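Just below is one structure, and these are the notes that go with it.
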Amino acid sequence: MRKDITILSFILISLSLFSFVRAQNLPQLFYDKEETARKSFKNYEKTTSIKKVEIDFSILDPERTMPRRILANLPDKNLIIERKKVISEKENFSWFGTVKGNRFSNVIFTVKDEKMFGEINTGNELYSIEPKGKSHKIIKEDYTKMIPICGGALTPPSTYDSDEKKSFKANAADSGNRIDVLVLYTSAIKLKYKNKLKTLIKHYADIANQGYENSNIDLKLKIVAFKPFYDTEASELYNTSEALQYITQNKDVKLLRRKYKADLVCLVRQFKHRKNNSSCGTAWLMTTVDQSFSRLGYSVVEVKKRTRHGYYCDKRTFAHEIGHNLGCAHDRAHSSGQGAYEYSYGYKVPGKFSTIMSYGSHKITYFSTPLKKYKKYPIGKDIYEYKPAYNALTIEQTKGTVANFKKGRK
9 MRKDITILSF
19 ILISLSLFSF
29 VRAQNLPQLF
39 YDKEETARKS
49 FKNYEKTTSI
59 KKVEIDFSIL
69 DPERTMPRRI
79 LANLPDKNLI
89 IERKKVISEK
99 ENFSWFGTVK
109 GNRFSNVIFT
119 VKDEKMFGEI
129 NTGNELYSIE
139 PKGKSHKIIK
149 EDYTKMIPIC
159 GGALTPPSTY
169 DSDEKKSFKA
179 NAADSGNRID
189 VLVLYTSAIK
199 LKYKNKLKTL
209 IKHYADIANQ
219 GYENSNIDLK
229 LKIVAFKPFY
239 DTEASELYNT
249 SEALQYITQN
259 KDVKLLRRKY
269 KADLVCLVRQ
279 FKHRKNNSSC
289 GTAWLMTTVD
299 QSFSRLGYSV
309 VEVKKRTRHG
319 YYCDKRTFAH
329 EIGHNLGCAH
339 DRAHSSGQGA
349 YEYSYGYKVP
359 GKFSTIMSYG
369 SHKITYFSTP
379 LKKYKKYPIG
389 KDIYEYKPAY
399 NALTIEQTKG
409 TVANFKKGRK
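Residue numbering for the sequence shown follows my numbering, beginning at 9 and increasing consecutively.
If you want it as structure tokens, here you go:
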């Protein structure tokens with residue numbers, strides 16, 4: 009018996025060494041800086057891991073022959089990541105992949121001018137990559153420090169429905185597989201991120217689009233314009249609900265929306281802690297699927313990578329708030345009412361996972377659907393089940409309406 013255990017131990021050690029050697033032969037994405045990032049983040053708690061790195065962008069460059077597998081040396085471990093696809097645009101490119109051996113993982117890098125915003129999400133662990141001066145830093149996020157993703161969606165006022173329907177055409181033209189978004193930003197967040205802000209928001213859109221793909225939803229978000237909006241009433245001096253109601257009524261915003269033919273509008277701001285209303289966003293919730301909801305196709309998203317205590321806003325906030333515009337409600341425990349349909353709820357298993365529209369930690373980049381499982385748990389409930397939760401189906405059924413908002417107004 010002892011001999012068998014010894015042989016088994018030898019085999020396991022040999023396999024580990026073989027895997028280690030293979031990993032060492034892979035191209036390496038991150039290279040340690042000599043100085044440690046902790047010196048610049050003295051207020052971080054010991055549970056947060058930070059690593060300052062240089063990035064070898066040549067192995068991600070879509071104009072070169074790219075390796076399929078890459079070694080990512082993170083603050084507390086090394087992972088092998090595998091490329092799935094690369095999408096090139098005029099000013100940037102987006103690299104999508106997974107962690108080897110983890111089919112529920114997502115790796116997303118959004119790059120412009122050798123500045124990257126990235127995420128490696130294993131489900132259990134979440135790593136963020138972002139520019140820091142002339143270098144970059146990798147942060148292992150602490151789920152206990154995640155700020156509530158949403159302050160609660162606003163439901164349409166009772167007076168809007170009958171009056172607004174008169175202002176819309178009934179015909180629809182777009183297929184519904186692309187929704188155009190106008191992104192506005194405040195002076196505070198522009199001052200914080202400067203010329204990197206557009207890449208950051210593109211990264212959020214990449215994450216949203218990955219969520220649709222993961223959930224078998226045939227939909228892409230397209231940022232059609234990125235414009236400053238410096239009105240005081242939309243600034244960080246006001247909470248997200250107040251800012252949302254202001255931009256919904258603002259004539260200048262309506263003109264911009266019409267000019268760029270945007271289906272939806274999202275205002276992006278710098279996060280500000282408030283005693284009575286600290287969350288990372290809000291939006292109007294579509295409860296009736298109709299072109300008249302176009303008047304309320306607005307959301308507010310706040311960005312926070314960290315505070316002096318290490319708190320942060322999750323990168324899925326952008327997808328979450330637009331999800332409200334698409335008729336998706338939170339998980340049942342955190343919803344005051346249903347969204348577009350009786351099954352339009354997010355889903356979570358506490359301590360295991362929470363979908364994009366749910367409250368909770370261990371965020372996975374999926375909308376609730378009974379057709380997918382995570383760690384043997386279904387990540388949603390079918391429409392025929394008790395207390396159904398099927399936001400993926402909700403979006404499939406509402407996307408055609410939302411994608412035609414830009415065509416609906418006279």
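Here a beta-carbon is modelled for each residue, glycine too, at the ideal position from N, C-alpha and C.
All values reported here derive from a predicted model rather than from experimental measurement.
**Request:** Since I believe Cys288 is in contact with Val273 (beta carbons under 8 Å), could you give me their beta-carbon distance rounded to a whole number of angstroms?
**Result:** That pair is no contact at about 18 Å.
**Message:** In whole angstroms, give me the CA-to-CA distance for Phe413 and Lys85.
**Reply:** 46 Å
**Request:** Count the other C-beta atoms from every protein chain shown that fall within 10 angstroms of the C-beta of Thr402, then say buried if there are 16 or more, exposed otherwise.
**Result:** buried
**Enclosing beta strand (DSSP E) for Phe125 [first to last residue]** = Lys123 to Asn129
**Request:** Enumerate in chain order the residues of its own chain whose CB-to-CB distance from Gly105 is below 7 Å, with the five nearest sequence positions on each side excluded.
**Result:** Ile89, Glu90, Arg91, Lys92 and Val115
**Message:** Measuring straight from C-alpha to C-alpha, what distance separates Lys142 and Leu190?
**Reply:** 30 Å
**Phe112 versus Glu71 - alpha carbon distance** = 28 Å
**Request:** Return the residue from the list Arg303, Val232, Leu293 and Val297 that minimises the CA-CA distance to Tyr268.
**Result:** Val232
**Item:** Nearest residue (CA-CA) to Asp150, options Phe279, Lys313 and Pro378
**Value:** Lys313
**Prompt:** Is it the case that the Cβ atoms of Ser352 and Gly368 are separated by a distance below 8 Å?
**Reply:** no
**Asked** Any idea if Leu199 is buried or exposed, counting beta-carbon neighbours within 10 angstroms, 16 or more meaning buried?
**Response** exposed
**Asked** Quick one, which of Asn81, Ser249 and Met74 has its alpha-carbon nearest Val94's?
**Response** Met74
**Item:** Close-in-space but distant-in-sequence residues of the same chain around Phe38 (CB under 7 Å, 5 per side omitted)
**Value:** Val61, Ile63, Ala80, Asn81 and Ile146
**Nearest-angstrom Cα separation, counted from Pro396 out to Gly126** = 33 Å
**Backbone secondary structure at Asn132 - three-state DSSP** = coil
**Prompt:** For Ile67 versus Ile78, is the C-beta spacing smaller than 8 Å?
**Reply:** yes
**Request:** Round the Cβ separation of Arg429 and Lys230 to the nearest angstrom and send it over; I've been treating them as touching at under 8 Å.
**Result:** Residue 429 lies beyond the range of the chain shown here (9 to 418); nothing can be said about it.
**Asked** Looking only at C-alpha atoms, which of Thr163, Leu227, Ala216 and Tyr349 sits nearest to Gly305?
**Response** Thr163
**Request:** Using a threshold of 8 Å, state whether the C-beta atoms of Lys204 and Lys123 are closer than that.
**Result:** yes
**Asked** Got a sec? Which residues, its chain only, sit under 6 Å from Ser249 by beta carbon, not counting five neighbours each side?
**Response** Thr290
**Request:** Identify whether Lys174 lies in helix, strand or coil by the three-state DSSP scheme.
**Result:** Because the pLDDT at Lys174 is just 49, under 50, the model does not fix this residue reliably, and the value given afterwards should be weighed accordingly. Residue state, collapsed to three classes: helix.
**Request:** With a 10 Å radius around its C-beta and 16 neighbouring C-beta atoms as the bar for buried, classify Gly347 as buried or exposed.
**Result:** buried
**Prompt:** Sorted by chain position, which residues of the same chain lie with C-beta nearer than 8 Å to His370's C-beta, five sequence neighbours on each side aside?
**Reply:** Gly131, Asn132, Tyr151, Gly359, Lys360, Phe361 and Ser362
**Message:** I'd like to confirm the pairing. Which residues does DSSP put opposite Pro386 in its beta bridges?
**Reply:** Lys381
**Asked** Looking at C-alpha atoms only, which residue of Ala341, Lys323 and Thr256 is the closest neighbour of Lys356?
**Response** Ala341
**Prompt:** Going by DSSP, what residues sit across from Gly289 in a beta bridge?
**Reply:** Val309
**Message:** Can you look up Asp214 in the DSSP assignment and give me helix, strand or coil?
**Reply:** helix
**Message:** Can you tell me whether Ser343 is buried or exposed? The criterion is at least 16 other CB atoms within 10 Å of its CB, across all chains shown.
**Reply:** buried
**Request:** Give me the Cα-Cα distance between Gly354 and Lys407, rounded to the nearest whole angstrom.
**Result:** 17 Å
**Message:** Can you find the residues in the same chain that come closer than 6 Å, C-beta to C-beta, to Ala400, ignoring five residues on each side of it along the sequence?
**Reply:** Ser223, Ile225, Phe375 and Thr377
**Prompt:** Which residues share a DSSP beta bridge with Ser102?
**Reply:** Ile95 and Thr118
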